[in-house]
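Engineer: I have a structure I would like to understand better, so I am pasting it below and will then ask my questions one at a time.
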Amino acid sequence: MNWNATPWFDGSGNPCTYAVVLSSISKNSKNHEIHIGSDSQPLKDSTVFAVVVCLYLPGSGAFYFVTRKKTSSKRHKNLGVRLQHESELAISLADSIRNDTGLNSITVHADISPNPINKSFKYSGRIQNFITSMGFKCMIKPESWAAWVADKHAK
Numbered sequence: 029m030n031w032n033a034t035p036w037f038d039g040s041g042n043p044c045t046y047a048v049v050l051s052s053i054s055k056n057s058k059n060h061e062i063h064i065g066s067d068s069q070p071l072k073d074s075t076v077f078a079v080v081v082c083l084y085l086p087g088s089g090a091f092y093f094v095t096r097k098k099t100s101s102k103r104h105k106n107l108g109v110r111l112q113h114e115s116e117l118a119i120s121l122a123d124s125i126r127n128d129t130g131l132n133s134i135t136v137h138a139d140i141s142p143n144p145i146n147k148s149f150k151y152s153g154r155i156q157n158f159i160t161s162m163g164f165k166c167m168i169k170p171e172s173w174a175a176w177v178a179d180k181h182a183k
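Numbering (our numbering), first residue to last: 29 to 183.
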């Protein structure tokens with residue numbers, strides 16, 4: 029995905045560019061952790077995907093940037109396909125940030141559950157392995173707070 033071509037917003041809803049996101053990451057990388065999260069919301073005729081970059085200062089909080097993408101629901105009706113696409117978007121962004129900044133310590137948050145009672149559990153191992161095989165740390169529910177941030181923008 030071309031992250032330069034997508035519309036970005038800061039956590040207050042102000043429009044910005046991917047260049048602003050990268051600049052903020054570079055300026056804050058010494059003391060902030062980089063966390064990427066994604067989530068989706070199926071609608072009647074489409075699915076909305078939200079991807080966030082959160083810069084977390086331990087003990088103080090975080091600020092973030094978000095972008096959204098809308099696709100045909102037909103392609104993402106199945107939960108497994110939708111969760112896979114969420115992960116692909118998050119990994120793509122994390123990889124782009126890694127390539128553009130040279131920073132390797134990036135955590136990708138997946139909207140999957142380790143609890144067999146939840147539907148996403150079925151895809152948990154596959155998605156965790158995908159994220160870690162791409163060289164990123166992985167967080168899943170209930171620790172995947174960046175996916176929760178994305179959830180607020182997918183709706």
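The beta carbon of each residue, even a glycine, is placed where N, CA and C say it ideally should be.
For the candidate residues Lys58, Val109 and Leu107, whose alpha-carbon lies nearest to that of leucine 85?
Structural biologist: What you label residue 85 is simply residue 57 of the sequence shown in a count that begins at 1. Comparing Cα-Cα distances from leucine 85 to each of Lys58, Val109 and Leu107, the minimum goes to Lys58.
Engineer: Only counting the same chain, and skipping five residues up and downstream in sequence, which positions put a Cβ closer than 6 Å to that of glycine 65?
Structural biologist: Within the sequence shown, the letter at position 37 stands for residue 65. Taken in chain order, the residues that qualify are Val80, His137, Ala174, Ala175, Val177 and Ala178.
Engineer: Using 8 Å as the threshold, is the segment 151-163 in touch with the segment 107-117, meaning 3 or more CB pairs across them?
Structural biologist: Yes, they touch.
Engineer: Classify isoleucine 145 as helix, strand or coil using the three-state DSSP reduction.
Structural biologist: Counted from its first residue, the sequence shown places residue 145 at position 117. If DSSP states are grouped into helix, strand and coil, isoleucine 145 belongs with coil.
Engineer: Which class does lysine 97 belong to by DSSP, given the choice of helix, strand or coil?
Structural biologist: One-based indexing of the sequence shown puts residue 97 at position 69. Strand at lysine 97.
Engineer: Is the beta carbon of histidine 63 less than 9 Å from the beta carbon of threonine 135?
Structural biologist: Stepping through the sequence shown from its first residue, residue 63 is reached at position 35. Stepping through the sequence shown from its first residue, residue 135 is reached at position 107. It is a contact, given that the beta carbons lie within the stated cut-off.
Engineer: So the candidates are Ala122, Ser88, Ser40 and Lys102; which of them puts its Cα closest to the Cα of isoleucine 53?
Structural biologist: In the sequence shown, residue 53 corresponds to position 25, counting from 1. Of the listed residues, the one whose Cα sits closest to isoleucine 53 is Ala122.
Engineer: Do you know how far the Cα of aspartate 67 is from the Cα of glutamate 114?
Structural biologist: Numbered from its first residue, the sequence shown carries residue 114 at position 86. Numbered from its first residue, the sequence shown carries residue 67 at position 39. About 6 Å.
Engineer: Glycine 133: which of Gly163, Phe91, Leu117 and Gln112 sits nearest, CA to CA?
Structural biologist: The residue given as residue 133 occupies position 105 in the sequence shown. Reading off the sequence, residue 133 comes out as serine, not glycine. Of the listed residues, the one whose Cα sits closest to serine 133 is Gly163.
Engineer: May I ask you to report which of helix, strand or coil DSSP gives glutamate 114?
Structural biologist: Locating residue 114 in the sequence shown gives position 86, counting from the first residue. Residue state, collapsed to three classes: helix.
Engineer: Could you round the C-beta distance between serine 172 and aspartate 139 to whole angstroms and report it? I think they count as a contact, below 8 Å.
Structural biologist: On the sequence shown, position 144 is the one that residue 172 refers to. On the sequence shown, position 111 is the one that residue 139 refers to. Rounded, the Cβ-Cβ distance is 6 Å, consistent with contact.
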